[in-house]
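Going letter by letter, the sequence shown gives residues 1 to 292 in our numbering.
Every residue gets a Cβ at the ideal spot worked out from N, C-alpha and C, and that includes glycine.
This one's a predicted model, so the numbers in the text were calculated from it and none came from an experiment.
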Amino acid sequence: MEMRRAFRLNGFLLLGVFILLVVGIVLESHALSSGGATGGARTVIGVALAVTILAAVLAASGFITVNPNQAKVIQFFGRYIGSVDESGFHWVTPLSSRRGISLRIRNFETQKLKVNDLDGNPVEIAAVVVYQVVDSYKAAFAVDDYEDFVRTQSETAVRHLATTHPYQTDDASTSSLRDGAEVAGELTAELRARTELAGIEIIEARITHLAYAPEIAQAMLVRQQAAQVVAARSRIVEGAVGMVGMALDRLAEQGVVDLDEERKAAMVSNLLVVLCGDRSAAPVVNAGTLYA
Numbered sequence: 001m002e003m004r005r006a007f008r009l010n011g012f013l014l015l016g017v018f019i020l021l022v023v024g025i026v027l028e029s030h031a032l033s034s035g036g037a038t039g040g041a042r043t044v045i046g047v048a049l050a051v052t053i054l055a056a057v058l059a060a061s062g063f064i065t066v067n068p069n070q071a072k073v074i075q076f077f078g079r080y081i082g083s084v085d086e087s088g089f090h091w092v093t094p095l096s097s098r099r100g101i102s103l104r105i106r107n108f109e110t111q112k113l114k115v116n117d118l119d120g121n122p123v124e125i126a127a128v129v130v131y132q133v134v135d136s137y138k139a140a141f142a143v144d145d146y147e148d149f150v151r152t153q154s155e156t157a158v159r160h161l162a163t164t165h166p167y168q169t170d171d172a173s174t175s176s177l178r179d180g181a182e183v184a185g186e187l188t189a190e191l192r193a194r195t196e197l198a199g200i201e202i203i204e205a206r207i208t209h210l211a212y213a214p215e216i217a218q219a220m221l222v223r224q225q226a227a228q229v230v231a232a233r234s235r236i237v238e239g240a241v242g243m244v245g246m247a248l249d250r251l252a253e254q255g256v257v258d259l260d261e262e263r264k265a266a267m268v269s270n271l272l273v274v275l276c277g278d279r280s281a282a283p284v285v286n287a288g289t290l291y292a
């Protein structure tokens, strides 16, 4: 069953009718209590008074007030007869029960969950979820408590996301948990599929906390630092080799010095030491020759 509009009338119009009924009750009560009416007339007045009181009670039981961004789910003796989501003062089916459902945009942050990522590394992860009720019928009757349902499904989706992605990766074709926009899109799509049956629209879901578990955090930090050092050294060596080749080519083009293979090897060694070393080079003056 889908959400439908409940029967309703302008509350102020029915309030005027209710006031007229109350006035009628007062007049009929006065006429009945006065001794001027005969037996038959008193019977007619008594019946009219009972009918008027019943009508007033029924009229009074149909008034509801709906606040902005709120919906009222209307039930008549257990049967769903519709929802009212237009703010204002309304009159609906009398003797019906009403349940308020907030249509405001809500957000909450999941607990920090400890879970193994795709590579088996324990990580801590948490997310913030922004959602809104779009179907008051499903939110009221499809699940016991839609707020608790969203929380549970959010934690389940975050756990599933963490187990299907590595914390970080060097493979450009594989997304990691640190790829914010892509991971947020996957989490939002999965949550929408999970909460649609409860009449919930997931507006946004994003990772707010992501870290290695404390027991491996130090080891993973050393690993990351080592990887960065290796990457930096690789760039340095690549640049140094290019600079050495350029230096040898320029020397040969300009005929500054004629170097044999052994002297070239010595120059390459010296230049690489200077360019790749992490300390300033100390020059050494050689007064001899390589062949002495």
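Q: Just list the alpha helix (DSSP H) runs in the segment 111-143, keeping only unbroken ones of 4 residues or longer that don't cross its boundaries, in chain order.
A: If only complete runs of 4 or more residues are kept, the segment 111-143 shows the alpha helix (DSSP H) at 136-141, in order along the chain.
Q. Any idea what DSSP makes of residue 86, helix, strand or coil?
A. As a first step, residue 86 is located in the sequence shown; it is residue number 86 there, counting from the start. Coil.
Q) How many angstroms separate the CA atom of residue 213 from the CA atom of residue 196? A) Along the sequence shown, one-based indexing puts residue 213 at 213. Along the sequence shown, one-based indexing puts residue 196 at 196. Their Cα atoms are separated by approximately 33 angstroms.
Q | Alpha-carbon to alpha-carbon, residue 123 and residue 173 | A | Position 173 of the sequence shown, counted from the first residue, corresponds to residue 173. Position 123 of the sequence shown, counted from the first residue, corresponds to residue 123. Taken atom to atom, the span from the alpha-carbon of residue 173 to that of residue 123 is near 22 angstroms.
Q. Measuring CB to CB, does residue 165 end up less than 8 angstroms from residue 176?
A. By one-based count along the sequence shown, residue 165 stands at place 165. By one-based count along the sequence shown, residue 176 stands at place 176. Against a cut-off of 8 angstroms, the Cβ pair of residue 176 and residue 165 comes out as a contact.
Q. Just reading off the beta strand (DSSP E) that residue 70 is part of, what are its end residues?
A. Against the sequence shown, residue 70 aligns to sequence position 70. Where residue 70 is concerned, the enclosing beta strand (DSSP E) stretches over 70-76.
Q: Starting from residue 101, follow the beta strand (DSSP E) in both directions and report where the run begins and ends.
A: In the sequence shown, counting from the first residue as 1, residue 101 sits at position 101. From DSSP, the beta strand (DSSP E) with residue 101 extends over 97-102.
Q | Distance, residue 152 Cα to residue 96 Cα | A | Residue 96 sits at position 96 when you count from the first residue of the sequence shown. Residue 152 sits at position 152 when you count from the first residue of the sequence shown. The C-alpha of residue 96 lies about 32 angstroms from the C-alpha of residue 152.
Q.
Cutting at 7 angstroms between CB atoms, please list the residues of its own chain near residue 159, excluding the five before and the five after it.
A. Numbered from 1 along the sequence shown, position 159 holds the residue referred to as residue 159. So the qualifying residues of the chain are 113, 115.
Q: State the beta-bridge partners of residue 205 as determined by DSSP.
A: Translated into positions along the sequence shown, residue 205 becomes position 205. According to DSSP, which records beta bridges pairwise, residue 205 is partnered with 129.
Q.
I'd like the list of long-range same chain contacts for residue 180, defined as Cβ closer than 8 angstroms, with 5 residues on each side in sequence excluded.
A. If you number the sequence shown from 1, residue 180 lands on position 180. For residue 180, where only same-chain residues beyond five positions count, the Cβ hits under 8 angstroms are 206, 207.
Q: Return the chain-ordered list of same chain residues with a C-beta closer than 7 angstroms to the C-beta of residue 67, the five sequence neighbours on each side being excluded.
A: Here residue 67 refers to the residue found at position 67 when the sequence shown is read from its first residue. Only 87 meet the Cβ criterion.
(Q) Suppose contacts are defined by Cβ-Cβ distances below 8 angstroms. Is residue 191 in contact with residue 129 by that definition? (A) Taking the first residue of the sequence shown as 1, we reach residue 191 at position 191. Taking the first residue of the sequence shown as 1, we reach residue 129 at position 129. Their beta carbons are under 8 angstroms apart, which means residue 191 touches residue 129 by this criterion.
Q: Answer yes or no: do residue 84 and residue 6 have a C-beta to C-beta separation smaller than 8 angstroms?
A: Within the sequence shown, the letter at position 84 stands for residue 84. Within the sequence shown, the letter at position 6 stands for residue 6. Going by C-beta atoms, residue 84 is nearer than 8 angstroms to residue 6.
**Q.** For residue 80, the residue or residues it bridges with in DSSP
**A.** By one-based count along the sequence shown, residue 80 stands at place 80. Looking at the DSSP assignment, residue 80 forms a beta bridge with 75.
(Q) For a test of the three-state rule: what should DSSP assign to residue 64, helix, strand or coil? (A) Working through the sequence shown from its first residue, we reach residue 64 at position 64. DSSP, read as helix, strand or coil, puts residue 64 in strand.
Q: Below 8 angstroms on the Cβ atoms is my guess for residue 149 versus residue 89; work out the distance and round it to an integer in Å.
A: Along the sequence shown, one-based indexing puts residue 149 at 149. Along the sequence shown, one-based indexing puts residue 89 at 89. For a cut-off of 8 angstroms, the C-beta gap from residue 149 to residue 89 is around 32 angstroms, too long to register as a contact.
Q. Quick one: Cα of residue 78 to Cα of residue 182, how far?
A. Looking up residue 78 in the sequence shown gives position 78. Looking up residue 182 in the sequence shown gives position 182. Roughly 45 angstroms between the two C-alpha positions.
Q. If we ignore side chains and look at the alpha-carbon of each, how far apart do residue 199 and residue 188 end up?
A. Position 199 of the sequence shown holds residue 199. Position 188 of the sequence shown holds residue 188. In a straight line, the C-alpha of residue 199 is about 15 angstroms away from that of residue 188.
Q. According to DSSP, is residue 177 helix, strand or coil?
A. Sequence index remark: in the sequence shown, residue 177 carries index 177 (1-based). Secondary structure at residue 177: coil, using DSSP grouped into helix, strand and coil.
Q | Contacting residues, own chain, Cβ-Cβ under 6 angstroms from residue 178 (five flanking each side not counted) | A | Taking the sequence shown and counting its residues from 1, one reaches residue 178 at position 178. The answer, listed in chain order, is 168.
Q: With DSSP as the reference, label residue 159 as helix, strand or coil.
A: Counted from its first residue, the sequence shown places residue 159 at position 159. Looking at residue 159 - three-state DSSP - the assignment turns out to be helix.
Q | Distance CB(residue 21)-CB(residue 91) smaller than 8 angstroms | A | For the purposes of this step, residue 21 is taken as the residue at position 21 of the sequence shown. For the purposes of this step, residue 91 is taken as the residue at position 91 of the sequence shown. No, they are not a contact pair.
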